[in-house]
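What follows is a short report on a single structure.
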Amino acid sequence: MYIGLTEEQQKLQLEVREYYRQLLTPEVRASLANGGGVGPAMRKVVRQMGSDGWLGVGWPKEWGGRGFTAVEQFIWFDESMRAGAPVPMLTINTVGPTIMNFGSEEQKKFFVPKILAGEIHFCIGYSEPGAGTDLAALRTKAERDGDEYIINGQKMWTSLASDADYIWLAARTDPEVKKNKGISLFVLPMDTTGIKVLPIQVMGETDINQTFFEDVRIPASYRVGEENEGWKLITTQLNHERVTLCSSGMVERALNDTRSWAQETRLADGTRVIDQEWVQI
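So the number in this note's numbering is just where the residue sits in the sequence shown, counting from 1, plus 4.
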């Protein structure tokens, strides 16, 4: 059995690699680094990727995607991570497909084209102080009030929340049923009154936050899917997200960056870090 890329897949790999070589110039990379993964430079690059047809590559063609196979999607993602491209993976690879499957016609019409064009960005409101791996234990509440919901609660580890346009929010709409049966999903603009974002200081440049919701009033039309049926949306979204976790590209880039640093950095005695035996081991 031959395990490897076909000739056509290798051509795709080289095409993606060349695309990022031209797109991510030293000047663009410097701007991205200064933004810490968010901000105007990131948004400009993502919009260009959308314009060039390199977002939503795994989306069905009827939704404007390129209909890539699973292997082709892996090649694209692997090369994207190897190049350090600011791919809005939460938005493109998880939220977008879930809206296609469960969103209202109005939601599909509004969000899908804008996501594909790289014009809007999402953060994910799942984890809480008492609900991480046991996500069904979440306590953020969304109480129905006529044609609106009132949301109160807190989310933790909300990646990219400081710069996102929308939050994909899981909240409890029925506290009386089995814990994974009373959850609904909502799409909220991040500038909605009552939402507060505070940064969490971590190692590295990743934008990590805690997000608070205090009497946040939203139209019922912001709910995605049926009330209390959010668990299947969550599992759908997470299944799409898990596909992105198998790339070795990000590991290779981290190794190359570390090697370059060790080659260029010298200790007090003038020797390079990489020449130390404990580093070479």
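Quick reminder that beta carbons are idealized off the backbone N, C-alpha and C, glycines included.
Quiz item: So the alpha helix (DSSP H) proline 223 belongs to, where does it begin and stop?
Solution: Not the alpha helix (DSSP H): proline 223 falls in the beta strand (DSSP E), residues 213-223.
Quiz item: How do the stretch 78-89 and the stretch 16-25 stand: do at least 3 beta-carbon pairs fall below 8 angstroms, yes or no?
Solution: Judged by Cβ distances under 8 angstroms, the stretch 78-89 makes contact with the stretch 16-25, as three or more pairs qualify.
Self-check item: Between the CA atoms of glutamate 123 and phenylalanine 115 - distance to the nearest angstrom
Solution: 10 angstroms
Exercise. Helix, strand or coil for phenylalanine 72, going by three-state DSSP, please let me know.
Key: coil
Quiz item: Mind checking if valine 283 is an interface residue toward chain D, Cβ cutoff 8 angstroms exclusive?
Solution: The structure shown contains no chain D; it is built from a single protein chain.
Quiz item: Can you tell me where the alpha helix (DSSP H) with arginine 257 in it begins and where it stops?
Solution: Here the alpha helix (DSSP H) through arginine 257 covers 253-268.
Quiz item: If glutamate 109 and valine 20 are in contact, beta carbons under 8 angstroms, what's the gap, nearest whole angstrom?
Solution: Their Cβ separation, rounded to whole angstroms, is 33 angstroms, which puts glutamate 109 and valine 20 out of contact at 8 angstroms.
Quiz item: Which of the three DSSP states, helix, strand or coil, is assigned to glycine 39?
Solution: Per DSSP, reduced to three states, the secondary structure at glycine 39 is helical.
Self-check item: C-alpha distance - glutamine 284 paired with arginine 227, whole-angstrom precision
Solution: 54 angstroms
Practice problem: Could you check what DSSP says for tyrosine 170 in three-state terms: helix, strand or coil? | Solution: Strand.
Quiz item: glutamine 158 lies in the beta strand (DSSP E); which residues open and close that run?
Solution: 152-159
Quiz item: Going by DSSP, which residues form a beta bridge with glycine 129?
Solution: Beta-bridge partners assigned by DSSP to glycine 129: Leu173.
Quiz item: Between arginine 221 and the rest of its own chain, which residues show a CB-CB distance below 6 angstroms, the 5 nearest in sequence each way excluded?
Solution: Glu152, Ile154
Quiz item: How would you write the range of the alpha helix (DSSP H) that histidine 278 sits in, first residue to last?
Solution: According to the sequence shown, residue 278 is isoleucine rather than histidine. Careful: isoleucine 278 lies outside any alpha helix (DSSP H) and carries neither H nor E.
Quiz item: Which whole runs of the alpha helix (DSSP H) in the stretch 39-112 are 4 residues long or more, in chain order?
Solution: 44-55, 74-87, 100-106
Self-check item: Identity of the residue in Gln13, Asp56, Met53, Ile79 nearest methionine 254 by Cα
Solution: Nearest of Gln13, Asp56, Met53, Ile79 to methionine 254, Cα basis: Ile79.
Quiz prompt | Three-state class that DSSP yields for leucine 120 in the structure shown | solution = helix
Quiz item: How do the stretch 60-79 and the stretch 126-136 stand: do at least 3 beta-carbon pairs fall below 8 angstroms, yes or no?
Solution: no
Quiz item: Taking Cβ positions, are tryptophan 161 and valine 191 nearer each other than 8 angstroms?
Solution: Their beta carbons are not under 8 angstroms apart, which means tryptophan 161 does not touch valine 191 by this criterion.
Quiz item: Which residues in the same chain have their Cβ closer than 8 angstroms to the Cβ of aspartate 211, if we skip the five residues on either side of it in sequence?
Solution: Gly40, Gly41, Val42, Ser163, Leu164, Ala165, Ser166, Asp167, Pro203
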